Amino acid sequence: MGAVIKTKKTQTVLMGTLGILVFLAVWQIAVLVTRFGTIFPTPFEVLSGMAKAVVEPIGKTTLLGHVGISLSRVLVGYILSSIAGALVGLVMGASKLGKAVLNPIFNIIKPIPGIAWIPLAILWFGTGNTTIYFIIFVGGFAQMVMNTMAGAENVSQELIGVARVLGLKKNRIFLTIVLPSCVPYIFSGLQVSLSTSWMAVLAAEMITATSGCGWLILSGMQSGNMVNNVMGMISIGIVGLVLASFMRIMERRLCSWKERGQ
Amino acid sequence: MKEKREKQKYRIISVISLAAFILIWELLTDVLHLLPEKKLPSPATIIETFLYKLTNTNPDGSVLGIHILTSLKESILGFCIGVGLGVPLGICMAWFEKFDMFFKPLFDLIKPIPPVGWVPVMLMAFGLGIMSKVTVIVIAAIVPAIINSYSGIKQMNPVHKWVAQTFGASNGQILRTIAIPTAGPMIFAGIRVSLNASWVTLVAAELVASTKGLGYMIQMGRMVGRIDLVFMGVLVIGGFGALFSALLGMAEKKIVKGGR
Amino acid sequence: MERTGAIEKQSMVRLENIKKSFDVSGKSVEVIGGIDLDIEKNEFVVLFGAGQCGKTTLLKMIAGLEDITKGTVYIDGKKSSGFHPGVGMVYQTTSLFPWLTVMGNVEFGPKARGIKKEERRKKAQYYIDLVGLHGFEKHYPVKLSGGMCQRVGIARAYCNDPDIILMDEPFGHLDAQTRYMMEEEVEKIWAKEKRTVIFVTNNIEEALYLADRIIILTECPAVVAKEYRIDLPRPRSMVSEEFLALREEISQLVDIPRESEEKAV
């Protein structure tokens, strides 16, 4: 058995590396042979560009600086939208009246992509950070509301009865029963909304900013410096991956009571 | 009986709430002028703008219908190609181990990049035309399609497979008759996410650079300071988003649930 | 933890002409049609009946989980409506709070009543040990087997110091082997910690093994069909002649298949 697993593992690694190598080779050949070469850098140029950009500033700051700026923007908008979204979702899920009042208005906002708010936000708040925060906020808000609402609506009435028989006061049901039952739902909302937030910050930075990862790839395009562009993409991908893994770890920590196991 | 009456009550509250929302908005803007017209257009103005844009090309060069058609054409084309490639690819990755080993790491590299990030790359590669937008949307649509078809197939109950094998079904038959039907709902959920992503990405792409389309229209509206136009455009974008998910929801009911 | 026995015989639970009807698509359907019952302190009463004849509903009404259409429930001599602090309940399905550990579940009642942490921990530990779950305090319900979950449920009900414990088919979803074990366990705990127990089941053996008194209810609407006082010495053997004779008699009476494992939903 052990040997079988081992050969399978090496096979996976080998095939995976092969896949990436083929991709890089196609990229390299495409740059060398086709008209892509006039605009696209080779993989090697991108790598050396990245190494350089860690120490040398592009525009206002270095590559890491831009990543940091984007992250800090996401953090502000994301925290605000998570709190507001969870609160509104709880109100809509736990109270039928709250849902009746808020749902029609929420249904108008829900299908509007966060990115579509960018022109409006610029007219409202100018081109500063407020606009970017706002875009990230609306990007994650609807997702948070929907998930939290689903959680609050699916609270088991039976468990509320159990708690009441055990002597729980009516006014404490919300904190003791409804909120903990919502935690897994809130968490999946947090996960989805983090990735939409990360997307929203890029779009917002492309349109209205002079720093951050989104600006980096757009300015790369505008100045014809494709190395900056591809570099920006790679850092975006890496940060996206790190954020997603971080959320998964947090979920495992906080929702361990959901996990089945030995 | 009681429940029905309660439902009715809440429905009435909803209608009142929506009416009140619009009424207050109208009061604050057109009637009392508490909020500047430059920051928040009144509902009446938005409707006026909508009607005006149906036949008028000011200030962005095309009537509303043309913008909508352009956006629809680009997003639906990209969506169809993305799903058309993504679903079979996801199924193959889940079914053929070698395929999976080859593509998985590559896919894992591309997956976390938000599709919006590709906009500048594609603009440089293909220029301002439809090609650049469609390519970006293909990328946006393909990722959820792959992820969901992949996990849908992997979900297959092994007992079903064993049953089929004891009846002498070939690998291809098992894939066709068991794995794909099992994955159906999951694949559909993926298609839903894909459609949503296509629409969002399209708007983003048009905002960044284009000459037609709803995203372009609101961007132009902003540049000339016509907030009523921006508002109307945002609502139209939202309206189509809602329409898409409603249509797909209906199709899902027909195909996934009624089909078996 | 021993309770002082009552000197005078007084009914702990008294049901007076309890009726219950539900609205089913506009029509009123009577599920309980006038039940009178006196249950003594520390008595183990089993409500027995086939199918869905409102046994669970009756328990829920005593617990305050269900409105009473007509009639009165007296607990400890006083008229009761709504939740009563002296009533605890063990449920049919897993009713543990999934986000709380075994300890968190067992100490839930005392905590809800505002008892200090140290005191309630000590108490919860006592009952966790009593149901044989020592060492599982920090486990979450999802990691426990069905039988273990029901043990936690029993400990949780006891930890709240109720005078009356209602058990609603607590072992209906367990496999036969675990079920026998749990029945023994319940009897042991009851012998050690005397309480008034009202136990619902549709399993004759379980009823005969546990009960001081078996109340047989009819099908919809439920009324008391017959009462049996079971004076067999405890712990009982399930294969003794008297046991088997009683079992035969009751199964004739209620006319259900012998090995009925049918569960009320």
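Residue numbers (numbering that gives the first Met the number 0), protein chains in the order written: chain A, 0 to 261; chain B, 0 to 259; chain C, 0 to 264.
Yeah, the Cβ is synthetic: ideal placement off N, Cα and C, and Gly gets one too.
Predicted model only: the values in this text are computed from it and were never measured.
First and last residue of the uninterrupted alpha helix (DSSP H) at B/F243: Walking along the second sequence from the start, residue 243 of chain B turns up at place 244. B/F243 -> alpha helix (DSSP H) spans I226 to E251.
Residues near A/C212 in its chain [Cβ-Cβ closer than 7 angstroms; skip 5 each side]: Counted from its first residue, the first sequence places residue 212 of chain A at position 213. Around A/C212: H65, V66, S69, L201, E204, G231, S234 and I235.
Span of the beta strand (DSSP E), counted from its first residue to its last, around C/T100: As a working note, residue 100 of chain C is residue 101 in the third sequence. Unbroken run through C/T100: none, as it is neither H nor E.
Candidates C/S250, C/V89, C/E204 and C/V222, of which the one nearest C/S236 by Cα: Locating residue 236 of chain C in the third sequence gives position 237, counting from the first residue. For the residues C/S250, C/V89, C/E204 and C/V222, the minimum Cα distance to C/S236 belongs to C/E204.
Members of the region 103–115 of chain C that neighbour chain A once the beta carbon cut-off is set at 7 angstroms: F107, G108, A111 and R112
Limits of the beta strand (DSSP E) - the one that C/S10 falls within: On the third sequence, position 11 is the one that residue 10 of chain C refers to. It spans S10 to V23 - the beta strand (DSSP E) in which C/S10 sits, taken as one unbroken run.
Closer than 9 angstroms to chain A by CB, C/Y139: The residue given as residue 139 of chain C occupies position 140 in the third sequence. Yes, contact with chain A.
Top-ranked residue by Cα proximity to C/D37, from C/H138, C/I17, C/P169 and C/I31: Residue 37 of chain C sits at position 38 when you count from the first residue of the third sequence. Of the listed residues, the one whose Cα sits closest to C/D37 is C/I17.
DSSP-derived helix/strand/coil call for C/Y208: Within the third sequence, the letter at position 209 stands for residue 208 of chain C. C/Y208 falls in the helix class under three-state DSSP.
Environment of C/Q149 [buried if 16+ CB atoms lie within 10 Å]: Sequence index remark: in the third sequence, residue 149 of chain C carries index 150 (1-based). Buried is the call here.
Proximity below 9 angstroms, CB of B/T69 to CB of B/K211: Counting from 1 along the second sequence, the entry for residue 69 of chain B is found at position 70. Counting from 1 along the second sequence, the entry for residue 211 of chain B is found at position 212. Against a cut-off of 9 angstroms, the Cβ pair of B/K211 and B/T69 comes out as a contact.
Min CB distance A/S187 to chain C below 9 angstroms: Taking the first residue of the first sequence as 1, we reach residue 187 of chain A at position 188. Chain C, which has no Cβ nearer than 9 angstroms to the Cβ of A/S187, makes this no.
Cβ-based contacts, 9 angstroms cut-off: residues of the region 139–166 of chain A near chain C: S155, E157, L158, G160, V161, A162, R163, V164, L165 and G166
Of the listed residues C/A49, C/K19, C/H83 and C/L231, nearest to C/E218 (C-alpha basis): Stepping through the third sequence from its first residue, residue 218 of chain C is reached at position 219. Comparing Cα positions, the closest option is C/A49.
Three-way DSSP call (helix, strand, coil) for B/A208 in this model: For the purposes of this step, residue 208 of chain B is taken as residue 209 along the second sequence, with counting starting at 1. Three-state result, B/A208: coil.
Chain A within 9 angstroms of B/D107, Cβ atoms only: Within the second sequence, numbered from 1, the residue matching residue 107 of chain B stands at position 108. B/D107 counts as touching chain A.
Where the region 191–225 of chain A meets chain C: residues whose CB sits under 9 angstroms from a CB there: none
Distance between beta carbons of C/G171 and C/Q91, contact taken as under 8 angstroms: Your numbering for residue 91 of chain C matches position 92 in the third sequence. Your numbering for residue 171 of chain C matches position 172 in the third sequence. Indeed they touch by this definition, with Cβ atoms about 6 angstroms apart.
Through-space distance from C/V199 to C/V264, alpha-carbon basis: Translated into the one-based positions of the third sequence, residue 264 of chain C becomes position 265. Translated into the one-based positions of the third sequence, residue 199 of chain C becomes position 200. Note that C/V264 scores a pLDDT of 35, beneath 50, so its modelled location is shaky and nothing firm can be said.
Near-chain A residues of the region 144–162 of chain B - C-beta to any C-beta below 7 angstroms: none
Residues of its chain near B/G151, where Cβ-Cβ distance is below 6 angstroms and the 5 sequence neighbours each way are ignored: Against the second sequence, residue 151 of chain B aligns to sequence position 152. Counting only Cβ-Cβ distances below 6 angstroms, and skipping sequence neighbours, we find A182, M185 and I186.
Short-range partners of chain C found in the region 239–256 of chain A, where Cβ spacing is below 8 angstroms: S255 and W256
C/T100 at chain A interface by Cβ criterion, 9 angstroms: What you label residue 100 of chain C is simply residue 101 of the third sequence in a count that begins at 1. Yes, its Cβ sits closer than 9 angstroms to a Cβ of chain A.
Chain F contacts from the region 39–59 of chain A (Cβ-Cβ distance under 9 angstroms): No chain F appears in the structure shown, which is made up of the protein chains A, B and C.
Range covered by the beta strand (DSSP E) that runs through C/V238: Here residue 238 of chain C corresponds to residue number 239 of the third sequence, with the count starting at 1. Unbroken run through C/V238: none, as it is neither H nor E.
Cβ pair count under 8 angstroms reaching 3, the region 109–129 of chain C against the region 58–76 of chain C: no
Buried versus exposed, by CB contacts within 10 Å (16 or more), A/S155: Here the question's residue 155 of chain A lines up with position 156 in the first sequence. Exposed.
Within 7 angstroms of chain A by C-beta, residues of the region 10–40 of chain B in sequence order: I12, S13, S16, L17, F20 and K38
C/T265 versus A/P179: straight-line alpha-carbon distance, rounded: Residue 265 of chain C is absent from the model: chain C starts at 0 and stops at 264.
Identity of the residue in B/V118, B/T56 and B/G167 nearest B/A204 by Cα: As a working mapping, residue 204 of chain B is identified with position 205 in the second sequence. Considering only alpha carbons, the answer is B/V118.
C-alpha gap between B/M155 and B/L127, whole angstroms: Here the question's residue 155 of chain B lines up with position 156 in the second sequence. Here the question's residue 127 of chain B lines up with position 128 in the second sequence. Rounded to whole angstroms, B/M155 to B/L127 spans 44 angstroms at the Cα level.
Inter-residue spacing [alpha-carbon to alpha-carbon] between A/G138 and A/T147: Working through the first sequence from its first residue, we reach residue 138 of chain A at position 139. Working through the first sequence from its first residue, we reach residue 147 of chain A at position 148. Going by the C-alpha atoms only, they are around 16 angstroms apart.
6 angstroms Cβ shell around A/P183 - same chain, five flanking residues per side excluded: In the first sequence, residue 183 of chain A corresponds to position 184, counting from 1. Closer than 6 angstroms at the Cβ level, and outside the excluded window around A/P183, lie C254 and K257.
Touching by the beta-carbon criterion (3+ pairs, under 8 angstroms), the region 92–105 of chain A and the region 189–196 of chain A: no
Under 9 angstroms between C-beta atoms of C/A341 and C/I229: This structure gives no information on residue 341 of chain C, because the portion of chain C shown stretches from 0 to 264.
For C/D128: DSSP bridge partner residues: Along the third sequence, read from residue 1 onward, the residue named residue 128 of chain C stands at position 129. Beta-bridge pairing links C/D128 to no other residue.
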